[in-house]
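So in this note's numbering, spot 267 of the sequence shown is number 270, and the numbers just go up one at a time. Okay, structure first, notes after.
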Amino acid sequence: MKNLSFFIAALVIVACNGKPTAEEKQKPDSSESELVNNSDTLLNNNDTQLNKNDTLPPPYATKSVVKTSKEIGWPAGKTPVAPEGFTVSRFAEGLQHPRWIYVAANGDVFVSQGDNEKSANNILLFRDANKDGTAERKSVYLSGLNMPLGMVILDNKFYVANNDALIEYPYTAGATSIKDPGKKIVSLPGGKRHWTRNVVASKNGDKFYISVGAASNIAENGLDKEEGRALILEVNKDGSGKKVYASGLRNPVGMDWAPGTNVLWTSVNERDELGDNVPPDYLTSVQEGGFYGWPYAYWGQNEDPRFKGQKPDLVQKSIKPDVSLGPHTASLGLTFYTKENFPEKYRSGAFVGQHGSWNRSKFSGYKVVFVPFANGKPTGAAEDFLTGFIANEEKSEVYGRPVGVAVAADGSLLVADDGNGANIIWKVSYKK
4 MKNLSFFIAA LVIVACNGKP TAEEKQKPDS SESELVNNSD TLLNNNDTQL NKNDTLPPPY
64 ATKSVVKTSK EIGWPAGKTP VAPEGFTVSR FAEGLQHPRW IYVAANGDVF VSQGDNEKSA
124 NNILLFRDAN KDGTAERKSV YLSGLNMPLG MVILDNKFYV ANNDALIEYP YTAGATSIKD
184 PGKKIVSLPG GKRHWTRNVV ASKNGDKFYI SVGAASNIAE NGLDKEEGRA LILEVNKDGS
244 GKKVYASGLR NPVGMDWAPG TNVLWTSVNE RDELGDNVPP DYLTSVQEGG FYGWPYAYWG
304 QNEDPRFKGQ KPDLVQKSIK PDVSLGPHTA SLGLTFYTKE NFPEKYRSGA FVGQHGSWNR
364 SKFSGYKVVF VPFANGKPTG AAEDFLTGFI ANEEKSEVYG RPVGVAVAAD GSLLVADDGN
424 GANIIWKVSY KK
């Protein structure tokens, strides 16, 4: 707990006199304007990507715009669009906020259905017993949960990351439900803002890593409300030995291990209200004891003007992430591709589900992107993989919102689409 106490102590001062004036927000100086006008040289891939060494536009170079999406659902026969050679089909539909997907060793597909308002609070099981690519069985595997997200099967136990706790249940391969009430392993800070909690097991199975998002955008309710948040925890399998593994991560949701390594990666949903193009959401390797900036800095050592001059030491120690995923994209889902069904370029690379923006004048996100990897490290910028979720930009209409991603036993990619009116699990397959 010493690491946790240290991090909390570092966040004891609430921003009060470092806030920019209204004039600073709305009127960038001439040098800032020049940067904005030249932003096409800094941004690529539909104005959403940045290379790690690129310079960001300044904060408040553009106004902070609220543009929420209207989720209209998918017309019959219409699907998202994948690259040539791939097919997209409906693996499951008629669901209720399917947010996350976990695939068991026997091929069973588990889908957690959670939301911060009208939450189904359950986990569904889909089973393809005859291995024909279609799940014949669907059942409610677990119910009575509390805004569940992450799932792990380990040593005949089924673990669920609820909004406020990690819970352990007995697991039997082939069973269609769990009736056991479960056992709390460790408590977590709850709440509706950044409500998702994810969990992954260490490679040797002796520890868990649990992601907990911030309770706010930029600690506007006071840093005392951020105790135990904006971080990734490490705990022993029995819940003992809890410590902060990494901090300064505003909303880390997706987590996975890069194939062939012991390096944990996370997809992070960054802060809002600094303008259209700052800062980018990101995919990054997670360094033990590392600090990634929130709330004092972003994208490395770029100081947030709302905390100007308050913690220069923490700004200087802020780690620059590995891969930009574009500003305001709500990059949440993450999985590495560990099968051989997809073409060579996709093997060992990362797929990221982008839930989509609300704080940008032009939509960003609303797609699944792919980041190529080799030898456990990214080899290029994120590129579009599954698109077509935006129905009409001018009317702010979208068909759905992709989020959780997972690799199925047959090598296909499963994508959770929890948009109101969608509520589908998409299956993306490749024919060799």
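For each residue, glycine too, the CB sits at the ideal point set by N, CA and C. Bear in mind the structure is a predicted one, so any value in this text is a computation, not a measurement.
8 Å contact criterion, which residue i and residue j should meet: CB distance rounded
i: asparagine 344; j: tyrosine 433; result: 6 Å
i: phenylalanine 366; j: phenylalanine 354; result: Not confirmed; about 20 Å, so no contact.
i: aspartate 284; j: alanine 233; result: Not a contact, Cβ separation roughly 14 Å.
i: glycine 293; j: alanine 249; result: 5 Å
i: glycine 97; j: threonine 264; result: About 39 Å; that fails the 8 Å criterion.
i: alanine 176; j: asparagine 109; result: 5 Å
i: proline 315; j: aspartate 307; result: Not confirmed; about 12 Å, so no contact.
i: aspartate 275; j: histidine 358; result: With 8 Å as the limit, aspartate 275 and histidine 358 do not qualify as a contact, their Cβ atoms being about 13 Å apart.
i: glycine 2; j: serine 243; result: Past the boundaries of the shown model lies residue 2; the chain is included only from 4 to 435, so the question cannot be answered.
i: glycine 185; j: tyrosine 172; result: 5 Å
i: serine 364; j: aspartate 227; result: In fact, because the Cβ distance is near 34 Å, the residues do not count as touching under 8 Å.
i: asparagine 305; j: leucine 59; result: 6 Å
i: glycine 251; j: tyrosine 295; result: 4 Å
i: methionine 150; j: asparagine 124; result: 7 Å
i: leucine 267; j: tyrosine 63; result: Not confirmed; about 34 Å, so no contact.
i: isoleucine 427; j: alanine 95; result: 7 Å
i: glycine 216; j: proline 255; result: 7 Å
i: threonine 326; j: proline 282; result: Checking the sequence, you will find valine at residue 326 rather than threonine. The pair is not a contact, with the Cβ atoms about 13 Å apart (cut-off 8 Å).
For residue i, the first and last residue of its enclosing alpha helix (DSSP H)
i: lysine 320; result: 315-320
Euclidean distance between Cα positions of residue i and residue j
i: isoleucine 1; j: leucine 328; result: Nothing about residue 1 can be read from this structure; the chain reaches only from 4 to 435.
i: glycine 414; j: lysine 342; result: 5 Å
i: leucine 405; j: lysine 370; result: Contrary to the premise, residue 405 reads as proline rather than leucine in this sequence. Approximately 6 Å between the Cα atoms of the pair.
i: serine 360; j: arginine 196; result: 16 Å
i: glycine 356; j: leucine 335; result: 6 Å
i: valine 155; j: valine 203; result: 6 Å
i: alanine 218; j: glycine 153; result: 18 Å
i: lysine 141; j: proline 262; result: 30 Å
i: valine 289; j: serine 190; result: 23 Å
i: glutamate 223; j: phenylalanine 339; result: 35 Å
i: tyrosine 144; j: leucine 337; result: 23 Å
i: alanine 138; j: lysine 430; result: 11 Å
i: isoleucine 126; j: lysine 311; result: 44 Å
i: glycine 383; j: tryptophan 260; result: 18 Å
i: valine 418; j: glutamate 386; result: 17 Å
i: serine 8; j: glycine 231; result: With a pLDDT of 45 at serine 8, under the threshold of 50, the modelled position of this residue cannot be trusted, and the question is left open.
i: leucine 236; j: serine 214; result: 6 Å
i: alanine 411; j: aspartate 183; result: 27 Å
i: glycine 208; j: leucine 157; result: 7 Å
i: glutamine 319; j: glutamate 273; result: 18 Å
i: valine 238; j: leucine 317; result: 25 Å
i: phenylalanine 388; j: histidine 100; result: 22 Å
i: lysine 348; j: asparagine 220; result: 36 Å
i: serine 180; j: serine 92; result: 26 Å
i: proline 324; j: threonine 287; result: 5 Å
i: valine 401; j: valine 408; result: 19 Å
i: isoleucine 104; j: serine 146; result: 16 Å
i: threonine 82; j: glycine 391; result: 8 Å
i: tryptophan 198; j: arginine 102; result: 12 Å
i: glutamine 29; j: arginine 309; result: Its pLDDT being 38, under 50, glutamine 29 is placed unreliably by the model, and nothing is read from it.
i: lysine 210; j: valine 106; result: 20 Å
i: glycine 352; j: proline 346; result: 11 Å
i: tyrosine 301; j: glycine 136; result: 43 Å
i: isoleucine 88; j: lysine 435; result: Per the sequence shown, the amino acid found at residue 88 is glycine instead of isoleucine. Those two C-alpha atoms are separated by around 8 Å.
Min CB distance residue i to chain D below 8 Å
i: threonine 338; result: Annotation note: the requested chain D is absent from the structure, which comprises a single protein chain.
Run of the beta strand (DSSP E) containing residue i, from where it starts to where it stops
i: asparagine 362; result: No beta strand (DSSP E) holds asparagine 362; DSSP gives it neither H nor E.
i: phenylalanine 354; result: 353-357
i: leucine 335; result: 334-339
i: valine 395; result: This sequence places asparagine at residue 395; valine is not what is there. That run of the beta strand (DSSP E) goes 393-395.
i: tryptophan 429; result: 427-433
i: tryptophan 260; result: 255-260
i: asparagine 201; result: 200-204
i: proline 405; result: 405-410
i: glycine 329; result: 326-330
i: lysine 245; result: Here lysine 245 belongs to no beta strand (DSSP E), and DSSP marks it neither H nor E.
i: alanine 419; result: 416-420
i: threonine 90; result: 89-95
i: leucine 59; result: Counting along the chain, leucine 59 falls outside any beta strand (DSSP E), and DSSP gives it neither H nor E.
i: lysine 370; result: 370-374
i: serine 214; result: 210-215
i: aspartate 227; result: Segment: none, aspartate 227 is in no beta strand (DSSP E) and carries neither H nor E.
i: leucine 252; result: Premise fails: leucine 252 is in no beta strand (DSSP E) and is neither H nor E.
i: isoleucine 170; result: 168-173
i: lysine 186; result: 186-190
At what residue ranges does the region 263-317 contain a whole run of the beta strand (DSSP E), taking only runs of 3 or more? 267-271, 283-288
Segments of 3+ residues assigned as beta strand (DSSP E) that fall wholly inside the region 117-157: 125-130, 140-145, 154-157
Count the CB pairs spanning the region 101-115 and the region 154-174 that are closer than 8 Å, and state whether there are at least three. yes
At least three beta-carbon pairs within less than 8 Å, the region 66-82 to the region 422-433: yes
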